[in-house]
Amino acid sequence: MKAFYRFITSMPFMAFLLITISFSMAVATFVESSQGTPAARAMIYNTHWFEFLWGLFALNLINNIIKYKLFSIKKFSIGLYHISFLLMMTGALFTRYAGFEGIMHIREEQSSDVMISADGYFYAGLGGMEKERKVLFSEIRPKQFKWDFDLDGEAVKIKPVGYIAGAERKAIPVSNGEPAIDFVCSSSDNRGMQTIYLFSGDSKEISELTVGFDAGSNHDIHFFVINDQLFMTVSDSVTESSMTGQEGNTYFKGDTIELKMMFLYNLKDFRFLVRHYIPSAAFSAVKSVSGSYEDAVIVQVKDGDKQHRVTVFGRSGIVADTLRVPLGNKILKLAYGSKYIRLPFSFYLKKFTLERYPGSDSPSSFTSEVTLIDEKDNVRRDVNIFMNNTLRYKKFKFFQSSYDRDEKGTILSASSDFFGTRITYSGYLFLIIGTLFSLINKNSYFRTLPRKLKHYQVKGAGILFMVVAILPAGLSAGETENIPDIDKEVVKKFSELWVQGAGDRIEPVSTLAGEIVRKISRKPSFLGKTSEEVVLSMTVYPELWRSIPFIKISNKALADQLGVTGSHISLQQLFDEKGNYIIAGDVRTAYGKNPALRSRLDTELIYLDERVSICFMVFKGSIFRLFPSGNIEKVWYSPGNEPEEYSGNDLLTIKNGFGMLSSSLAGQKREEALKVIEAISDFQNRNGDHLFLSHTRKRAEVLYNKINPFERIFPYYLLSGFILLLILFIGIFRLKQLPVIINKIFLYIILLIFLVHTGGLVLRWYISGHAPWSNGYESMVYVAWAAMLAGVLMGNKHPMVVGTASFLSGVALFIAHLNWMNPEITNLVPVLKSYWLTIHVSVITSSYGFLGLSAFLGILVLILVIIRRSANEGKVNLIIGQLTTINEMSAIAGLYFLTLGTFFGAIWANESWGRYWGWDPKETWSLITILIYTFIVHMRLIPRLRGTVNYNIASILGLGSVLMTYFGVNYYLSGLHSYGQGSAGKISPVIPVLTVI
Numbered sequence: 000m001k002a003f004y005r006f007i008t009s010m011p012f013m014a015f016l017l018i019t020i021s022f023s024m025a026v027a028t029f030v031e032s033s034q035g036t037p038a039a040r041a042m043i044y045n046t047h048w049f050e051f052l053w054g055l056f057a058l059n060l061i062n063n064i065i066k067y068k069l070f071s072i073k074k075f076s077i078g079l080y081h082i083s084f085l086l087m088m089t090g091a092l093f094t095r096y097a098g099f100e101g102i103m104h105i106r107e108e109q110s111s112d113v114m115i116s117a118d119g120y121f122y123a124g125l126g127g128m129e130k131e132r133k134v135l136f137s138e139i140r141p142k143q144f145k146w147d148f149d150l151d152g153e154a155v156k157i158k159p160v161g162y163i164a165g166a167e168r169k170a171i172p173v174s175n176g177e178p179a180i181d182f183v184c185s186s187s188d189n190r191g192m193q194t195i196y197l198f199s200g201d202s203k204e205i206s207e208l209t210v211g212f213d214a215g216s217n218h219d220i221h222f223f224v225i226n227d228q229l230f231m232t233v234s235d236s237v238t239e240s241s242m243t244g245q246e247g248n249t250y251f252k253g254d255t256i257e258l259k260m261m262f263l264y265n266l267k268d269f270r271f272l273v274r275h276y277i278p279s280a281a282f283s284a285v286k287s288v289s290g291s292y293e294d295a296v297i298v299q300v301k302d303g304d305k306q307h308r309v310t311v312f313g314r315s316g317i318v319a320d321t322l323r324v325p326l327g328n329k330i331l332k333l334a335y336g337s338k339y340i341r342l343p344f345s346f347y348l349k350k351f352t353l354e355r356y357p358g359s360d361s362p363s364s365f366t367s368e369v370t371l372i373d374e375k376d377n378v379r380r381d382v383n384i385f386m387n388n389t390l391r392y393k394k395f396k397f398f399q400s401s402y403d404r405d406e407k408g409t410i411l412s413a414s415s416d417f418f419g420t421r422i423t424y425s426g427y428l429f430l431i432i433g434t435l436f437s438l439i440n441k442n443s444y445f446r447t448l449p450r451k452l453k454h455y456q457v458k459g460a461g462i463l464f465m466v467v468a469i470l471p472a473g474l475s476a477g478e479t480e481n482i483p484d485i486d487k488e489v490v491k492k493f494s495e496l497w498v499q500g501a502g503d504r505i506e507p508v509s510t511l512a513g514e515i516v517r518k519i520s521r522k523p524s525f526l527g528k529t530s531e532e533v534v535l536s537m538t539v540y541p542e543l544w545r546s547i548p549f550i551k552i553s554n555k556a557l558a559d560q561l562g563v564t565g566s567h568i569s570l571q572q573l574f575d576e577k578g579n580y581i582i583a584g585d586v587r588t589a590y591g592k593n594p595a596l597r598s599r600l601d602t603e604l605i606y607l608d609e610r611v612s613i614c615f616m617v618f619k620g621s622i623f624r625l626f627p628s629g630n631i632e633k634v635w636y637s638p639g640n641e642p643e644e645y646s647g648n649d650l651l652t653i654k655n656g657f658g659m660l661s662s663s664l665a666g667q668k669r670e671e672a673l674k675v676i677e678a679i680s681d682f683q684n685r686n687g688d689h690l691f692l693s694h695t696r697k698r699a700e701v702l703y704n705k706i707n708p709f710e711r712i713f714p715y716y717l718l719s720g721f722i723l724l725l726i727l728f729i730g731i732f733r734l735k736q737l738p739v740i741i742n743k744i745f746l747y748i749i750l751l752i753f754l755v756h757t758g759g760l761v762l763r764w765y766i767s768g769h770a771p772w773s774n775g776y777e778s779m780v781y782v783a784w785a786a787m788l789a790g791v792l793m794g795n796k797h798p799m800v801v802g803t804a805s806f807l808s809g810v811a812l813f814i815a816h817l818n819w820m821n822p823e824i825t826n827l828v829p830v831l832k833s834y835w836l837t838i839h840v841s842v843i844t845s846s847y848g849f850l851g852l853s854a855f856l857g858i859l860v861l862i863l864v865i866i867r868r869s870a871n872e873g874k875v876n877l878i879i880g881q882l883t884t885i886n887e888m889s890a891i892a893g894l895y896f897l898t899l900g901t902f903f904g905a906i907w908a909n910e911s912w913g914r915y916w917g918w919d920p921k922e923t924w925s926l927i928t929i930l931i932y933t934f935i936v937h938m939r940l941i942p943r944l945r946g947t948v949n950y951n952i953a954s955i956l957g958l959g960s961v962l963m964t965y966f967g968v969n970y971y972l973s974g975l976h977s978y979g980q981g982s983a984g985k986i987s988p989v990i991p992v993l994t995v996i
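Residue 443 in numbering that gives the first Met the number 0 sits at position 444 of the sequence shown, with consecutive numbering throughout.
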């Protein structure tokens, strides 16, 4: 037994647990993506064997805390760090078994004291016996329980045998069923066609009309049966017509109408037809192809020798309906779904307020103004609940979750997890304290590594060779001769006008122009012209631009099909001599396909069609929404509009102003063009000044667009890093030391590039009003910055580290500027407006820079191992030791930041919607990465795994989990983390190639 205990508490077994748990969670994320969240929870997350693995992990951790004396004064910081994980696991255990969640729906001027449980329950009742169980069904694992009931001495056995997620009800004929009507209806409220089943006694409200079947005559439409024939009465006149459109009879209130199958009836724009009348029917379940919010549990009921199956509909989040199944002279009651939980207090909703971004339908924030009423404790107080502002009362927390479509009702999320949250938060506190003190505690392993570097007496070698050139973008200069230049002052003034751009953000024309040119040509500028000059020129000289190949085609097969030799096509080439759009048919076919079934050619056809449409919008000027509405919630007007709210000169400015600008520029009338721009600017200032950002921000944004800092600096990062590394490798073979001053000069130039990088981030933060990591592009730019910061902090005396960091930053910025990344500055959705999010993303994203540097250093070490020869072995070994030590420092720092960032994200989630851990794929892969790097940094404690080569190989392979966390989850798996997605629907094939490299 002692030997077994030593085995399960050993470091090798700890390594096994880390890999096994990581692999299990990785599988779960893919199961969730393909089979849904319930399947992943039922198969892995909520299973006892998964809990058992974590229990073994906790036992092993406790033993190693004691074994390595992490509770001693010298090692207290590391002890706190490791104890924090024990506290978090304990808190998670309390949350799983003692906490619960739910939702609360309240309409304005109404009160409620009940919430609906987030968990699903299955209920069965027979005679005086009742049974209920919390369940988590999935199509892979539908069998959750077996129940026995006693019916007059006979055993009745009940067990689920099947499950359909997203089920659709279908009435089918059975021998012992009830009469049912299958009818289809539609109305003027744009809900589309609906299939409705009514059983005898049912009553429904559909599109503000009441419809009943043998449920009393007080319905707008009342169906009833006489001698097996279906009749109806109506509350108003109804017309009858055949499916061919032939008009039939008109009936009036009070008439008894004999229903004709497959005839169309129209009552107050409510159209319906009865497809089938089934004298004896029961519901069956089929998989819905259109998407359904209802699931179905197929239950086997065994009553003595009789055995039959019944279908129970419901799902978690919706209160269950009870299905009544006759068994002899008694009724078996079955139900599946959520249940009501009564609270010891109530809320009265005074008002729900939805705030939108100016001139947009996009929500900026939403607030529930409620009165908390607790009669027992004599409490009555007004509170506001909104995103990131929760209400805590009596061990409950309430969060703003959603709202009704008519904006007159609110949906609050509620949770009760008093002990679990507090224990978990104490773990987070220990984690923060342990991390901070581990970075400064001279006895921690991290702090011993810098001292270890002093044993390597290798004087750094490097040489400076910077290529200072900005590569020209666009086509040959000869092509610009056909398009007249536009006066620079006119372009400047035009670029400073306000416009409502993508996502209804109010921004300078300069920003929109850059987005347009990138969208059409995939270049920041074109033909040697700035993006502002390009779009203005397109409005003035549309016929000239029709003949220029500036529309990007990314698919070679499509280019070959259209007879294009390069990567760009002109509008002229897309229209035949008669003016017909030659790809119109192909585009219609592509749009008609299911998005999941579209080929790459179909997708590129759609992209090409979008680019063509944008071109024509620019030609007409309709893409420039320059004129603000007096109503803050309305979108701005485009040139040529004639809004009723304006008259006189203002109306003329909207209707004709932009056309006058184009005419003036076409006639080379510079002063007249400037006056028109001034008139538009004056209109904006008079009618929309309260909507704008500050003019200082506008100038900053125009400057940012002009500088385009991140795209400019990545060639310098790449070149400087590559050349420095090349020279260092040459120096290893030559065994000669170069002057130290060269290294310092090189470091200063890298620092200069880094300062430009930092300035660009600060500028983008100032412009957008939020931290610059809200989408894929911004976070990649930040990763590049963090990687360079890691290199500067850890390698100021080691030029090979600085060169590696520079090259890595260049690669990250290069990825950020690939076609599938979107550099737009956008508005934030309400849930992202949180300081916890800012802390979470900044810390966790910076960890990617350290871990990326670790991987690149690992590659360098392996290269050095390969080129090591007897002539240079001494020097190479010293450099290998030096780089491996820095690699360890980088990996440990990255692990610290990754762990802190992940659990800061948990705090953000808990403060925003009441759940600090929900097994979302993003947070799961963050945890996987934490476990993998925990394994890597502890390899030195496992005899068979320790060693320089093994460690560096592991540091390279570990980057795969980082890439999966950052890219794979965002572009391959489902999840809540939209902030990392940019505009891409799927990841570029470049990423796997870069990963291999």
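For each residue, glycine too, the CB sits at the ideal point set by N, CA and C.
Here the structure is a predicted model, which means the values were calculated and not measured.
Query                                                                                                                                                                          : Result
Considering residue 103, what are the terminal residues of the beta strand (DSSP E) in which it resides?                                                                       : 99-106
With a threshold of 16 other CB atoms inside 10 Å of the CB of residue 761, please say whether the residue is buried or exposed.                                               : exposed
Where do the N-terminal and C-terminal ends of the alpha helix (DSSP H) with residue 950 fall, by residue?                                                                     : 947-962
Does the segment 79-94 come close enough to the segment 407-426 that 3 or more CB-CB pairs lie under 8 Å?                                                                      : yes
Which one or two residues does DSSP pair with residue 271 in a beta bridge?                                                                                                    : 184, 264
Cutting at 6 Å between CB atoms, please list the residues of its own chain near residue 642, excluding the five before and the five after it.                                  : 636
Can you tell me whether residue 375 is buried or exposed? The criterion is at least 16 other CB atoms within 10 Å of its CB, across all chains shown.                          : exposed
Can you find the residues in the same chain that come closer than 8 Å, C-beta to C-beta, to residue 490, ignoring five residues on each side of it along the sequence?         : 529, 531, 532, 535
Starting from residue 248, trace the beta strand (DSSP E) both ways and give me its first and last residue.                                                                    : 246-250
Between residue 429 and residue 435, what straight-line distance do the alpha-carbon atoms span, to the nearest angstrom?                                                      : 10 Å
My parser needs the alpha helix (DSSP H) runs of 4 or more residues fully inside the segment 749-819; what are they?                                                           : 775-794, 798-815
Could you please give the first and the last residue of the uninterrupted beta strand (DSSP E) stretch that includes residue 336?                                              : 329-336
Buried or exposed for residue 260, please, with buried defined as at least 16 other CB atoms from any protein chain shown within 10 angstroms of its CB.                       : exposed
Return the first residue and the last residue of the beta strand (DSSP E) that residue 41 is part of.                                                                          : First-last for residue 41: undefined, no H or E at that position.
Between which two residues does the alpha helix (DSSP H) harbouring residue 414 extend?                                                                                        : Segment 408-415 is the beta strand (DSSP E) holding residue 414; no alpha helix (DSSP H) there.
Do residue 844 and residue 778 count as a contact pair if the criterion is CB distance below 8 Å?                                                                              : yes
Could you have a look at residue 194 and say whether DSSP puts it in helix, strand or coil?                                                                                    : strand
Just tell me which of 887, 921, 892, 916 has its CA closest to the CA of residue 953.                                                                                          : 887
For the candidate residues 156, 519, 753, whose alpha-carbon lies nearest to that of residue 612?                                                                              : 519
Taking DSSP as the reference, what is the three-state secondary structure of residue 1?                                                                                        : helix
Could you please give the first and the last residue of the uninterrupted alpha helix (DSSP H) stretch that includes residue 497?                                              : No alpha helix (DSSP H) holds residue 497; the beta strand (DSSP E) holding it covers 497-499.
Between the Cα of residue 923 and those of 615, 111, 24, 71, spot the shortest distance and give me the residue it belongs to.                                                 : 24
Do you know how far the Cα of residue 649 is from the Cα of residue 664?                                                                                                       : 22 Å
Could you tell me whether the Cβ of residue 850 comes closer than 8 Å to any Cβ of chain C?                                                                                    : Absent from the structure is chain C; it holds one protein chain and no more.
Provide the residue span of the beta strand (DSSP E) that contains residue 23, from first to last.                                                                             : Where residue 23 is concerned, there is no enclosing beta strand (DSSP E), although the alpha helix (DSSP H) it sits in stretches over 10-34.
Starting from residue 1000, trace the alpha helix (DSSP H) both ways and give me its first and last residue.                                                                   : Absent from the structure is residue 1000, since the part of the chain shown begins at 0 and ends at 996.
How would you label residue 601, buried or exposed, when you count the other beta carbons within 10 angstroms and need 16 or more for buried?                                  : buried
For residue 721, collect the residues of the same chain with a Cβ closer than 7 Å to its Cβ; drop the 5 residues on either side in sequence, then sort them by chain order.    : 806
Hey, how far is the Cα of residue 667 from the Cα of residue 509?                                                                                                              : 22 Å
Going by DSSP in three states, residue 895 sits in which element: helix, strand or coil?                                                                                       : helix
Taking the DSSP output, what are the residues bridged to residue 299?                                                                                                          : 158, 308
Over what stretch of residues does the alpha helix (DSSP H) that includes residue 532 continue unbroken?                                                                       : 530-539
Can you list, in chain order, the residues of its chain with a C-beta nearer than 7 Å to that of residue 560? Leave out the 5 residues immediately preceding and following it. : none
Using a Cβ-Cβ cutoff of less than 7 Å, which residues in the same chain neighbour residue 369 once the five nearest sequence positions on both sides are dropped?              : 346, 347, 348, 349, 382, 384
Would you say residue 860 and residue 879 are within 8 Å of each other, going by their C-beta atoms?                                                                           : yes
In the DSSP assignment, what residue or residues form a beta bridge with residue 164?                                                                                          : Residue 164 is not bridged to any residue.
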